[in-house]
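Participant: Count the sequence shown with our numbering and you get residues 760 to 1059, in order. Yeah, the Cβ is synthetic: ideal placement off N, Cα and C, and Gly gets one too. Owing to the predicted nature of the structure, the values given are computational and were not obtained by experimental measurement.
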Amino acid sequence: MENTKKFLKKIGIEEVSSDYISNKRFDDGGQFRFEVPGIQSPKTMKALLEEADKNDIFIHRVTQTKGIMMLADEEIQDMVDLAKSYGCELFLSVGPRATYDTSATVHTKEGSRIGYRLRGYDNLVYAIEDVKRACKLGVRGILLYDEGLLWILNQMRENGEIPKTVHFKLSAHAGHSNPASAKLLEAQGLDSLNPVRDLQINMIASIRNATDMALDLHTENPKSTGGFIRHYEVPKFIKVASPVYLKTGGSVAANHNWDTTESEARARIKQVKLVKRMIDEYCPEAIVSPRKSGDLAIPE
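In structure tokens form, the structure reads like this:
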């Protein structure tokens, strides 16, 4: 095993100690940001941001998960306008995915392992068109589920086919959970990785140690992905995973594509407030990214 560990260290992957602390930061110097996922429409986004303001909490990123193709142009534009006015990132997810096409396999117990990846050439084209549409409407944050699509979109970004300011985030549904996978994805242009939700602290630390991109960690989950709540672990998340997005509010939903209501959007802010209390109580020295950060993927 020692020879294997020596080789891994040589290529930038090494074992981390139990007292590992990340000294990496966002470009603005912050260690953590708040993200609220599962906001599927302009009305719920509006309710969410208004409730955040009432509680003096700033949400750095709002994420929609049902798919760009499930939104009308007017809805996307409204969400873009809300994000620009508030000053937060807006990430829309790619619509085409195995669960939406003609796949029967994906709906079986074993077939579900293919997740939301793309099947065949046509779905790849459809997904690219989905992203181009969102970018044309001003969106600068795209949530992905397929590594091949990431590779193509990064090529398009480098070649000016889509704006260079677009940020790519990969979902936990892609199933990545080790430092080698994380390094591979970062090399393909990924800006933000959401690893598997139930990783232990030392597992998260090993991914952070091997990469520089932001990590997105669930502080809680809907019942469909385990329903576990990790609020007391948040100080450790910040310690070992900085720069990190704290994904909060998931326990309000029943599943990933849950059509959040306005009242549920406000309930998600309560969950953020509970996480913020943990930070204030147990790691008050932690640095949050400022509201006017220059490296947020705010719509243009």
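In the DSSP output, which residue or residues are listed as bridge partners for residue 1047?
Facilitator: Within the sequence shown, residue 1047 is the residue found at index 288, counting from 1. DSSP output for residue 1047 lists 791 as bridge partner(s).
Participant: Classify residue 788 as buried or exposed, calling it buried when 16 or more other Cβ atoms lie within 10 Å of its own Cβ.
Facilitator: Against the sequence shown, residue 788 aligns to sequence position 29. Counting Cβ neighbours within 10 Å, residue 788 comes out exposed, since fewer than 16 surround it.
Participant: Quick check on the DSSP output: the alpha helix (DSSP H) that includes residue 1022 runs from which residue to which?
Facilitator: In the sequence shown, counting from the first residue as 1, residue 1022 sits at position 263. In the DSSP assignment, residue 1022 falls within the unbroken alpha helix (DSSP H) covering 1021-1041.
Participant: Leaving out five residues on either side along the sequence, give the residues of the same chain with a beta carbon under 8 Å from the beta carbon of residue 937.
Facilitator: Counted from its first residue, the sequence shown places residue 937 at position 178. Cβ neighbours of residue 937 beyond the five flanking positions: 962, 965 and 966.
Participant: In angstroms, rounded to a whole number, what distance separates the CA positions of residue 772 and residue 968?
Facilitator: Your numbering for residue 772 matches position 13 in the sequence shown. Your numbering for residue 968 matches position 209 in the sequence shown. The straight-line gap from Cα to Cα measures roughly 8 Å.
Participant: Under 7 Å between the Cβ atoms of residue 834 and residue 801?
Facilitator: Here the question's residue 834 lines up with position 75 in the sequence shown. Here the question's residue 801 lines up with position 42 in the sequence shown. Yes, these two residues count as a Cβ contact at 7 Å.
Participant: Given a cut-off of 7 Å, decide if residue 934 and residue 980 are closer than it, judged by their beta-carbon atoms.
Facilitator: If you number the sequence shown from 1, residue 980 lands on position 221. If you number the sequence shown from 1, residue 934 lands on position 175. Result no, Cβ atoms of residue 980 and residue 934 do not sit closer than 7 Å.
Participant: Note down, one range per segment and in chain order, each alpha helix (DSSP H) of at least 4 residues found wholly within the segment 858-923.
Facilitator: 879-895 and 906-917
Participant: Return helix, strand or coil for residue 967, following the three-state DSSP convention.
Facilitator: Counting from one through the sequence shown, the residue named residue 967 turns up at place 208. Helix, per DSSP.
Participant: Where does the unbroken beta strand (DSSP E) through residue 845 begin, and where does it stop?
Facilitator: Sequence index remark: in the sequence shown, residue 845 carries index 86 (1-based). Segment 832-845 is the alpha helix (DSSP H) holding residue 845; no beta strand (DSSP E) there.
Participant: Do residue 976 and residue 1003 have their C-beta atoms within less than 7 Å of each other?
Facilitator: Reading the sequence shown from its first residue, position 217 is the one you call residue 976. Reading the sequence shown from its first residue, position 244 is the one you call residue 1003. Taking 7 Å as the Cβ cut-off, residue 976 and residue 1003 qualify as a contacting pair.
Participant: Check whether the segment 874-886 touches the segment 837-848, taking contact to mean three or more Cβ pairs, one atom from each stretch, closer than 8 Å.
Facilitator: no
Participant: With a CB to CB cut of under 7 Å and the five nearest residues on each side skipped, what residues in its chain are close to residue 910?
Facilitator: As a working note, residue 910 is residue 151 in the sequence shown. So the qualifying residues of the chain are 947.
Participant: Just to check my reading of the structure: residue 987 and residue 957 have Cβ atoms closer than 8 Å, yes? What is that Cβ distance to the nearest angstrom?
Facilitator: As a working mapping, residue 987 is identified with position 228 in the sequence shown. As a working mapping, residue 957 is identified with position 198 in the sequence shown. 7 Å between Cβ atoms; contact.
Participant: Of all the options 985, 959, 1007 and 1036, which has the alpha carbon lying nearest to the alpha carbon of residue 999?
Facilitator: Position 240 of the sequence shown holds residue 999. By alpha-carbon distance to residue 999, the top candidate from 985, 959, 1007 and 1036 is 959.
Participant: If we count the other Cβ atoms within 10 Å of its Cβ and call it buried at 16 or more, is residue 777 buried or exposed?
Facilitator: By 1-based counting over the sequence shown, the position of residue 777 is 18. So residue 777 ends up on the exposed side.
Participant: Beta-carbon separation of residue 950 and residue 915 under 7 Å?
Facilitator: For the purposes of this step, residue 950 is taken as residue 191 along the sequence shown, with counting starting at 1. For the purposes of this step, residue 915 is taken as residue 156 along the sequence shown, with counting starting at 1. Not a contact, by the Cβ cut-off of 7 Å.
Participant: According to DSSP, simplified to helix, strand and coil, what is residue 973?
Facilitator: Here the question's residue 973 lines up with position 214 in the sequence shown. Residue state, collapsed to three classes: strand.
Participant: Does the beta-carbon distance from residue 912 to residue 929 come in below 7 Å?
Facilitator: Locating residue 912 in the sequence shown gives position 153, counting from the first residue. Locating residue 929 in the sequence shown gives position 170, counting from the first residue. Their beta carbons are not under 7 Å apart, which means residue 912 does not touch residue 929 by this criterion.
Participant: Where does residue 1004 sit, in a helix, a strand or coil, going by DSSP?
Facilitator: Position 245 of the sequence shown, counted from the start, is the residue given in the question as residue 1004. Correct three-state label for residue 1004: strand.
Participant: In the DSSP assignment, the alpha helix (DSSP H) including residue 809 goes from what residue to what residue?
Facilitator: On the sequence shown, residue 809 is found 50 positions in, with the first residue counted as 1. Residue 809 -> alpha helix (DSSP H) spans 801-813.
Participant: Can you name the start and end residues of the beta strand (DSSP E) that residue 929 belongs to?
Facilitator: For the purposes of this step, residue 929 is identified with residue 170 of the sequence shown, where counting begins at 1. It spans 926-929 - the beta strand (DSSP E) in which residue 929 sits, taken as one unbroken run.
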